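Asks: Below you will find the structure I want to go over with you.
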Ligand SMILES: C[S@@+](CC[C@H](N)C(=O)[O-])C[C@H]1O[C@@H](n2cnc3c(N)ncnc32)[C@H](O)[C@@H]1O
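Structure (C-alpha cells):
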C-alpha cells in the first residue's frame, strides 16, 4: 500500500516505506560513521533512498536495481532517471549512485566495506538467503543489515535465519527489521 501522508519530503516519492520505518532507517544511517558507505538493494522510484539521502551528510549511498518488468510487478514503471528526477525535484542533495544490475551479481564484484545495507529487492526466502551470502562478506564490523517487508509474509523473516552467528537482532519498526554485526 502506498502511503499518502506527506509529513516528510521523502514521502512525496511513491513507495511502500512508511513514516515510522523511514524514521527508524534514518536513525541507523545516523549511527554509521560520517564517511560510511550505505548500500540499498531495490531502488524502484527511490523512496527509501531519498529517505536516507535526507540525513546522509557526508555518507555515500549506492542503490542497486535491475528494473526488470517481471520483478516486483510495478518495477517497469520506474527507472533510475525517474528516481533521480524525483530527488532533484525535492531538492535533496543527490549524490547517490544508482547501479543497474542484479543484486547478486553486483554483490559478488563489490569491493568496499559497507556500514549499512538495506535489503528491499525480491522478497522470497531463497533469494534473501542468497543476498545474505553475497553481501555479508562486505559488511564492516558493527555494521547494520536492514530488511524491509520483514513481516509481509513473503519469506524475508525466514530468509534472515540464515544470517551468520556474528549477526545480532537489533530492532524492528513495523516491517523494517535491523540486525547488527558484532
Ligand atoms: C519493493 S521495490 C523497492 C522499493 C524501494 N526501496 C522503495 O523504497 O520504494 C523492489 C525493487 O527491487 C528490484 N529487484 C527485484 N529483484 C532484483 C534483483 N534480483 N536485482 C536487482 N533488483 C531487483 C525491482 O526491480 C524493484 O524495483
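In the numbering used here, the protein residues as written are 8 to 189.
We put the beta carbon where it would ideally sit given N, CA and C, even for glycine.
Keep in mind the model is a prediction, meaning the values are calculated, not measured.
Three Cβ pairs or more, each shorter than 8 Å: is that satisfied between the stretch 65-75 and the stretch 141-151?
Replies: no
Asks: CB residue 48 to CB residue 125, shorter than 8 Å?
Replies: Contact: yes.
Asks: Closest to residue 136 by C-alpha separation, out of 171, 52, 121, would be which residue?
Replies: 171
Asks: Relative to ligand 1, is the shortest distance from any of its heavy atoms to the C-beta of residue 50 smaller than 7 Å?
Replies: yes
Asks: So does the stretch 109-120 actually touch the stretch 37-51, counting three or more Cβ pairs closer than 8 Å?
Replies: yes
Asks: Any idea if residue 14 is buried or exposed, counting beta-carbon neighbours within 10 angstroms, 16 or more meaning buried?
Replies: exposed
Asks: Just confirm the distance between the C-beta atoms of residue 185 and residue 35, as a whole number of angstroms; I'd bet it's less than 8 Å.
Replies: 6 Å
Asks: Tell me the DSSP bridge mates of residue 69?
Replies: 46, 104
Asks: Below 8 Å on the Cβ atoms is my guess for residue 20 versus residue 93; work out the distance and round it to an integer in Å.
Replies: About 5 Å separates the two Cβ atoms, so the contact holds.
Asks: Pick helix, strand or coil for residue 58, following the three-state DSSP scheme.
Replies: helix
Asks: Would you mind sorting residue 82 into buried or exposed? The rule is 16 or more other CB atoms within 10 Å of its CB.
Replies: The predicted position of residue 82 is uncertain, since its pLDDT is 47 and thus under 50; no value can be drawn from it.
Asks: With respect to 7 Å, is the separation between the Cβ of residue 129 and the closest non-hydrogen atom of ligand 1 below this value?
Replies: yes
Asks: With a CB to CB cut of under 7 Å and the five nearest residues on each side skipped, what residues in its chain are close to residue 2?
Replies: What is shown of the chain runs 8 to 189, which leaves residue 2 out entirely.
Asks: Given a cut-off of 8 Å on the beta-carbon distance, is the pair residue 62 and residue 37 in contact?
Replies: yes
Asks: Helix, strand or coil: which one does DSSP assign to residue 170?
Replies: The three-state secondary structure of residue 170, taken from DSSP, is coil.
Asks: Grouping DSSP H, G and I as helix and E and B as strand, with all else coil, what is residue 93?
Replies: helix
Asks: Taking 7 Å as the line, does the beta carbon of residue 142 fall inside it for any heavy atom of ligand 1?
Replies: no
Asks: Looking at residue 23 and residue 57, is the spacing between their C-beta atoms short of 8 Å?
Replies: no
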